[in-house]
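Protein chains in written order, with the numbering used here: chain L, 38 to 416; chain U, 38 to 416; chain G, 38 to 416; chain C, 38 to 416.
Since the structure comes first, as structure tokens, the remarks are kept for the end.
Protein chains: 4
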Amino acid sequence: MLTTDAKGDRSKRPNQQLNQDVYVHIVERNEKGIVITGTKAIVTGAPYVHEFLVMPSRNMREDDADFAVCCAVPVDAPGVTIVARPAGRPGEKPEHGAPLFSRKYGQSTGVVIFDKVFVPWDRVFLAGEWEFSGDVTYNYATHHRHSCIGARAGFGDLLIGAGVLMCEANGLDPNKKANLRDPMVELIKITEGFYACGVAASVYAVQDLYSKTFMPEPVYSNIGKLLLSTQIYDMHRLAHEVSGGLIVALPGADEDHNPATAATLAEVLRANPDVPYDKRIEVSRFIEDLSASYQGSWYSLISLHGGGSPTALKQEIWRNYPVGSKVELVERLMERGVLAEDNRAITKNKQPGRCCDAGCSQPGQQFMVPLQEIKKKSV
Amino acid sequence: MLTTDAKGDRSKRPNQQLNQDVYVHIVERNEKGIVITGTKAIVTGAPYVHEFLVMPSRNMREDDADFAVCCAVPVDAPGVTIVARPAGRPGEKPEHGAPLFSRKYGQSTGVVIFDKVFVPWDRVFLAGEWEFSGDVTYNYATHHRHSCIGARAGFGDLLIGAGVLMCEANGLDPNKKANLRDPMVELIKITEGFYACGVAASVYAVQDLYSKTFMPEPVYSNIGKLLLSTQIYDMHRLAHEVSGGLIVALPGADEDHNPATAATLAEVLRANPDVPYDKRIEVSRFIEDLSASYQGSWYSLISLHGGGSPTALKQEIWRNYPVGSKVELVERLMERGVLAEDNRAITKNKQPGRCCDAGCSQPGQQFMVPLQEIKKKSV
Amino acid sequence: MLTTDAKGDRSKRPNQQLNQDVYVHIVERNEKGIVITGTKAIVTGAPYVHEFLVMPSRNMREDDADFAVCCAVPVDAPGVTIVARPAGRPGEKPEHGAPLFSRKYGQSTGVVIFDKVFVPWDRVFLAGEWEFSGDVTYNYATHHRHSCIGARAGFGDLLIGAGVLMCEANGLDPNKKANLRDPMVELIKITEGFYACGVAASVYAVQDLYSKTFMPEPVYSNIGKLLLSTQIYDMHRLAHEVSGGLIVALPGADEDHNPATAATLAEVLRANPDVPYDKRIEVSRFIEDLSASYQGSWYSLISLHGGGSPTALKQEIWRNYPVGSKVELVERLMERGVLAEDNRAITKNKQPGRCCDAGCSQPGQQFMVPLQEIKKKSV
Amino acid sequence: MLTTDAKGDRSKRPNQQLNQDVYVHIVERNEKGIVITGTKAIVTGAPYVHEFLVMPSRNMREDDADFAVCCAVPVDAPGVTIVARPAGRPGEKPEHGAPLFSRKYGQSTGVVIFDKVFVPWDRVFLAGEWEFSGDVTYNYATHHRHSCIGARAGFGDLLIGAGVLMCEANGLDPNKKANLRDPMVELIKITEGFYACGVAASVYAVQDLYSKTFMPEPVYSNIGKLLLSTQIYDMHRLAHEVSGGLIVALPGADEDHNPATAATLAEVLRANPDVPYDKRIEVSRFIEDLSASYQGSWYSLISLHGGGSPTALKQEIWRNYPVGSKVELVERLMERGVLAEDNRAITKNKQPGRCCDAGCSQPGQQFMVPLQEIKKKSV
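Structure representation (structure tokens):
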């Protein structure tokens with residue numbers, strides 16, 4: 038899926054841009070379909086997917102109607118240009134020291150330029166219905182944030198596993214060394230802490246009446262994403278803390294077969310008598326690849342901004358959180374009578390079906406504030 | 038329930054203490070029951086419960102067998118002395134400005150001294166079976182930590198509700214002021230972040246074959262408790278940040294009816310034209326009561342140490358986390374053959390039923406490392 | 038000194054308030070002096086100082102001229118009313134268990150109401166010169182923040198000393214226990230970390246040409262205050278972490294002389310064989326007094342908001358920091374030619390005398406951005 | 038300077054290693070000089086310095102005397118082998134998009150192997166005097182940590198300057214956008230916060246009686262280094278937060294001259310109408326180079342472990358901090374008589390010349406605990 042437009046001058050709305058191609062928009066409609074033009078800027082996986090799901094990147098107003106477009110486009114459709122750097126390190130081979138992770142699993146984020154791309158009606162899901170633009174964006178964003186939690190918990194698993202392997206290779210046992218066990222537990226706390234938000238978002242997911250699909254609970258989805266966004270930098274720090282400084286002093290792969298140094302390095306850079314040098318260097322390079330390389334930094338940055346920046350996540354948390362129900366609770370404890378509530382900014386957001394006699398919510402029941410009903414399309 | 042013994046000299050085991058009454062222990066056994074003596078040190082709710090569930094506070098060795106005792110004792114059993122400060126502020130009345138929360142809901146933590154207290158056999162659950170002592174302790178601790186998560190999330194609800202009420206009384210709308218909305222969202226993030234760990238601990242709870250009760254998943258229970266333990270201080274900070282400094286300059290309740298000042302204060306300490314002075318001062322005192330008082334600090338301290346200090350929580354997380362499964366995952370990615378694993382410290386803890394072809398775990402399935410089987414009692 | 042006005046409706050300027058007494062202002066001028074009326078809201082030490090230094094709490098505009106007033110007023114001047122709670126715990130005595138710190142050193146923050154208070158001209162420093170209002174406020178604020186750093190470092194000293202005394206009384210040595218040494222070092226790191234900002238603010242202080250007094254460097258003053266503001270809550274947490282849970286289970290002072298419990302408590306609540314019970318309980322109450330009491334919370338709140346909220350501190354840091362010099366540095370590294378800089382928001386703030394050939398600044402030399410020159414008074 | 042030995046099996050002392058070449062040691066002494074063999078593992082700048090200052094990496098015992106060696110060795114001395122990866126990106130050129138920072142200023146950390154390297158006596162500073170080994174190490178470490186503070190503050194300057202340049206290129210002004218200004222202020226707070234510790238370490242430096250050089254105050258040196266070690270990851274996060282996600286979607290340098298895309302990219306990836314595409318992409322690549330590349334990660338890792346891991350820093354802080362003086366202060370406040378202090382672990386470290394009547398310390402005066410006097414060499 039691709040949502041983020043190039044955006045151009047951020048103080049202007051889509052239809053006000055001097056160069057309107059900074060947003061994808063409809064330039065022609067005919068009986069067979071629509072024709073779109075414009076630029077999507079941060080598209081993860083662009084060069085290696087089958088089809089793009091083009092979506093609006095923000096809510097639109099009536100004069101932005103041409104920009105309210107959602108459709109599916111094959112990557113090789115005429116008029117599509119993808120600009121991206123290679124994913125991972127495809128040319129490198131393990132025998133030349135290519136990192137064992139990135140040579141297989143690297144990712145790439147590209148810019149996709151649409152120049153008069155034709156899309157037939159059966160691949161068009163939104164074409165001018167600007168009132169739905171915000172909803173489509175936020176529903177998508179919630180799913181994206183929810184799935185991002187699982188993805189980055191998997192990244193945490195890799196750092197946890199590689200971290201203890203490095204401790205072992207260094208001849209140190211976190212069970213016995215508090216200064217290694219503490220950061221290992223911190224790494225686990227962070228990883229499982231945001232993963233738990235993903236679990237809660239699933240537990241309180243609500244099924245859509247029509248599509249029957251489930252919408253993850255948005256507050257937990259956004260909190261989980263916010264926690265991983267900012268803490269992925271801490272995860273790198275903790276992995277480095279337990280690994281030690283060898284990672285940056287690591288001889289390059291070209292030394293592995295250098296007759297002048299290979300034998301000596303294998304002797305003197307061994308720490309744990311049970312772990313041979315080549316195994317130690319392998320784990321060290323694995324951690325370097327995950328957390329101290331272009332690819333490693335890519336994971337941080339895409340975790341921070343992909344699917345919404347911290348600012349966007351915080352806005353969504355505030356927008357969806359039933360603050361009004363907490364206000365009611367406190368007012369009840371203060372034995373205030375029911376206040377006239379019209380125009381009270383702080384009691385607008387209330388949780389449905391809570392603060393009743395029973396009080397508890399149940400899985401499947403709507404947990405936070407329901408999404409605003411979509412306003413009827415103006416005619 | 039009461040577990041924490043007075044402990045005495047912490048470098049010595051129970052049976053090595055000069056004064057053995059620093060731990061509760063069995064001093065007599067007869068056909069009707071047992072007689073216990075000793076001191077439990079941090080007993081929340083001691084003065085206002087019906088019955089004490091006395092439990093061991095640590096794992097025991099064979100020579101500590103007399104200290105491996107678990108039983109139920111009515112609070113008014115002969116030989117029981119409770120030493121505690123009053124809960125909340127029972128004597129104060131709202132018309133005298135007594136805080137609306139603590140005068141009703143205050144808590145108290147006491148010391149309970151047992152001096153030859155008789156317990157009939159039908160109230161005795163453990164009496165000398167030292168091998169089970171650690172298990173009883175840790176099962177109890179896991180439940181305690183799990184329930185603590187819900188309790189403190191409720192405390193978070195109060196701070197969230199009171200925080201926005203204070204903003205309103207100050208005439209400021211967090212919706213429009215980023216410097217208030219940001220700490221409010223942070224408060225929500227912390228509260229719902231650790232609550233989510235409680236949800237995950239419930240989802241992955243495992244049913245006991247015999248008692249049919251559910252054991253919350255221990256890793257998530259401990260992470261949730263660890264997050265609330267340390268972040269409750271941040272919660273106070275954030276509530277104070279949004280509330281402003283009035284809380285500490287707040288005139289005392291005796292001014293409310295002081296003819297020399299009451300009218301003027303009501304005039305000049307009003308901020309939002311829609312919120313009268315008495316409502317503003319009421320919210321301010323509510324927050325003071327929750328977070329800037331003896332009772333407020335009690336919540337912090339009991340959150341930090343109650344049910345296990347941060348050190349104890351971290352040990353449990355490490356003890357239960359399937360680090361070995363993460364090691365396996367990384368070794369598979371590094372294409373290592375299966376290593377001989379005897380004596381590898383880092384692969385002892387593995388997750389049952391994971392790293393299979395399907396890979397995923399399901400609610401109800403054991404998620405983390407299973408508890409160690411209890412060793413047969415030595416005879 | 039007292040600056041913070043009651044403020045009233047925060048969306049309105051001083052002269053727009055319905056009740057103008059929410060700010061202190063001049064109501065009469067005559068040949069002998071001025072007469073002031075209004076309310077200052079958060080005045081630390083109000084009941085036990087000799088004289089108030091009344092100052093404006095914000096920058097003023099021309100129509101706020103009557104509110105631009107700075108003068109000295111004896112606490113017992115006719116028309117002054119102080120509303121405050123007692124400082125510390127004056128009535129309590131040590132033999133009744135009164136905390137050894139607060140019964141001597143408690144503080145109090147009050148509201149001060151001025152009702153037609155006459156101030157002779159020789160005690161008036163500003164009376165209507167609204168253009169200087171912002172400057173007076175910010176100069177004062179910088180000094181306040183700088184001195185606050187030293188005050189709170191002293192509070193840190195108390196927590197550090199009391200923390201290790203509690204460890205000793207518990208029979209535990211931080212030298213040997215990493216789980217106690219780590220939070221102790223963290224406490225030291227925080228305390229000395231913000232104290233260092235105070236040192237730097239002194240080193241780079243600039244002498245005023247006319248008064249010959251020194252103005253602490255504002256960026257470091259504000260950073261130090263910001264660090265202590267938010268981290269004082271962490272300091273409480275760390276002191277509690279090393280102290281253990283006894284603090285909240287602590288028998289009250291009335292038990293000290295209770296014949297039914299005193300002897301037993303003295304026996305069973307002893308931990309370190311070298312530290313008698315009364316010494317242990319004394320340290321425990323000292324920490325409770327500092328960090329788990331009304332007075333303890335007062336220190337947190339006044340640290341957070343006294344002398345400027347975090348938001349105010351951040352604004353001052355941004356306003357004074359030579360961001361423009363850092364931009365120049367990066368542009369030089371990027372080998373950009375000199376750009377036309379008119380209207381560039383990011384290069385307005387530059388450091389005088391830096392980015393020269395020598396580059397380094399010296400103590401006494403202006404370090405950050407110089408304060409804006411005061412605009413000539415409009416006539 | 039190079040201190041860190043390869044270390045080998047970390048559970049063994051130098052002379053117990055199976056392969057003694059994991060530490061540099063003396064293998065021969067004659068009238069002209071000494072001959073050394075062994076491996077130094079993490080040597081920053083190894084390939085591009087004139088001379089190595091070989092130092093011991095730990096305190097030694099009598100049986101490690103051969104390992105207590107400090108001497109100067111030219112990089113091209115016979116028997117020296119340096120294994121290192123290239124510094125920066127020497128082969129890349131700016132017109133091919135090589136990063137404008139790293140192509141000039143990259144660093145490299147290498148392994149240096151000594152194989153029977155002869156060192157004449159006039160270049161030997163320590164040769165077997167094992168009692169001085171710890172002192173030499175810790176004196177060096179304190180200087181290293183102190184200088185590291187300045188180095189990384191310069192790195193902070195680059196991130197600050199580049200961060201606001203990126204905001205400008207994105208068409209956003211941190212002055213007006215709190216969600217950009219807040220992380221910018223946080224970045225400044227971190228950078229200047231640890232720099233202030235460097236200032237304090239200089240202010241309280243003590244001059245050596247014999248060499249006349251100044252020794253930076255060790256507590257502040259270690260705190261400053263600890264703050265930068267762990268917060269450099271936050272600095273990356275904050276720089277990424279203000280920069281936005283473009284950095285990872287950035288087209289590679291090969292697109293700059295690609296006729297199929299260059300013109301379009303220049304059009305659609307422009308944001309601020311006043312900043313041309315090539316300037317925007319240049320800043321973006323600059324930030325990528327500093328913080329999202331192999332070289333950027335190198336700065337993090339070397340900040341974390343270079344000159345001592347966080348564990349080593351914490352030990353030094355504890356070892357040098359006058360905890361005993363804080364204990365004295367609290368005991369005075371508790372009105373305790375002077376306690377017999379022999380064997381009290383917590384009062385060993387006291388500050389000289391403090392807690393006197395005057396109390397204050399002055400620049401140049403010894404501030405923290407004096408270094409232990411060196412024990413006489415055993416004969």
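For glycine and all other residues, C-beta sits at the position ideal for the given N, C-alpha and C.
Quiz item: How about L/Ala215: is its C-beta nearer than 7 Å to some C-beta of chain G?
Solution: yes
Quiz prompt | Interface partners of U/Asp315 on chain L, CB under 9 Å | solution = Within 9 Å Cβ-Cβ: nothing; U/Asp315 doesn't reach chain L, min ~11 Å.
Self-check item: Buried or exposed (CB count within 10 angstroms, at least 16 for buried), U/Thr384
Solution: buried
Quiz item: Quick one: which chain U residues come within Cβ less than 8 Å of L/Phe138?
Solution: Leu370
Self-check item: Three-state secondary structure assigned by DSSP to L/Gly345
Solution: coil
Practice problem: Verify the CB distance criterion: does L/Arg98 have a CB-CB separation below 7 Å to chain C? | Solution: no
Exercise. Would you mind telling me which residues of chain U sit closer than 7 Å to L/Tyr358, beta carbon to beta carbon, in chain order?
Key: Ile225
Quiz prompt | Beta-carbon proximity check, G/Gly235 vs G/Ile186, cutoff 7 Å | solution = Taking 7 Å as the cut-off, the beta carbon of G/Gly235 is found closer than this to the beta carbon of G/Ile186.
Quiz item: How many angstroms separate the CA atom of C/Glu166 from the CA atom of C/Val61?
Solution: 15 Å
Quiz item: So, helix, strand or coil for C/Thr298, using DSSP?
Solution: coil
Quiz prompt | Whole runs of the beta strand (DSSP E) within the stretch 115 to 171 of chain L, excluding any shorter than 3 residues | solution = Fully contained in the stretch 115 to 171 of chain L are the following beta strand (DSSP E) runs of length 3 or more, in chain order: 117 to 120, 146 to 157 and 161 to 164.
Practice problem: Starting from the C-beta of U/Ala78, find all residues in its chain whose C-beta is less than 6 Å away, skip the five residues before and the five after it, and write them out in chain order. | Solution: Thr41, Ala43 and Val148
Practice problem: Measure the beta-carbon distance from U/Asp103 to U/Ile63 and round it to whole angstroms, keeping in mind my assumption that it falls under 8 Å. | Solution: 5 Å
Quiz prompt | Identity of the residue in G/Tyr314, G/Leu370 and G/Gly345 nearest G/His180 by Cα | solution = For G/His180, the closest C-alpha among the options G/Tyr314, G/Leu370 and G/Gly345 is that of G/Gly345.
Quiz item: Do you know whose CA, among G/Pro313, G/Ala297 and G/Ala237, lies nearest G/Met252's CA?
Solution: G/Ala237
Quiz item: When the Cα of U/Glu292 is compared with those of G/Glu68, G/Asn67 and G/Pro123, which residue comes out closest?
Solution: G/Pro123
Quiz prompt | Beta-carbon separation (whole angstroms), G/Asn56 vs U/Val305, contact threshold 8 Å | solution = 7 Å
Quiz item: Sorted by chain position, which residues of the same chain lie with C-beta nearer than 8 Å to C/Val201's C-beta, five sequence neighbours on each side aside?
Solution: Pro211, Met221 and Val279
Practice problem: Go ahead and label U/Tyr247 buried or exposed: buried means 16 or more other beta carbons lie within 10 angstroms of its beta carbon, across all protein chains shown. | Solution: exposed
Quiz item: In chain G, what lies closer than 8 Å to C/Asn212 by C-beta?
Solution: Trp355 and Ala382
Quiz item: According to DSSP, is G/His87 helix, strand or coil?
Solution: coil
Practice problem: Look up G/Gln244 in the DSSP assignment and say whether it is helix, strand or coil. | Solution: strand
Quiz item: Helix, strand or coil: how does DSSP classify U/Pro111 here?
Solution: strand
Quiz item: Can a CB atom of chain G be found closer than 7 Å to the CB of U/Asn56?
Solution: yes
Practice problem: Taking C-beta pairs closer than 9 Å, name the residues in chain G that C/Val279 reaches, listed in chain order. | Solution: Per Cβ cutoff of 9 Å: no residues; C/Val279 is ~11 Å from chain G at best.
Quiz prompt | C-beta neighbour in chain U for L/Val24, strict 7 Å | solution = Residue 24 of chain L lies beyond the range of chain L shown here (38 to 416); nothing can be said about it.
Quiz prompt | For C/Ala286, the first and last residue of its enclosing alpha helix (DSSP H) | solution = Leu283 to Ala286
Quiz prompt | Residues that L/Cys234 contacts on chain U, provided the C-beta gap is smaller than 7 Å | solution = Gly230 and Ala233
Quiz item: Is any beta-carbon of chain U found at less than 7 Å from that of G/Pro288?
Solution: It does; some Cβ of chain U falls within 7 Å.
Self-check item: Sequence-distant residues of its chain with Cβ nearer than 6 Å to C/Ser170 (five each side left out)
Solution: Hits under 6 Å: Pro93, Asn96, Met97 and Ala105.
Exercise. Taking U/Lys77 as part of the beta strand (DSSP E), name the residues at either end of that continuous run.
Key: Gly70 to Thr81
Practice problem: Count the other CB atoms, across all protein chains shown, that sit within 10 Å of the CB of C/Glu319; report buried if there are 16 or more and exposed otherwise. | Solution: buried
Quiz prompt | Stretch pair the stretch 322 to 333 of chain U + the stretch 258 to 277 of chain U: three plus CB contacts closer than 8 Å | solution = yes
Quiz item: Cα separation between L/Glu168 and L/Val360?
Solution: 26 Å
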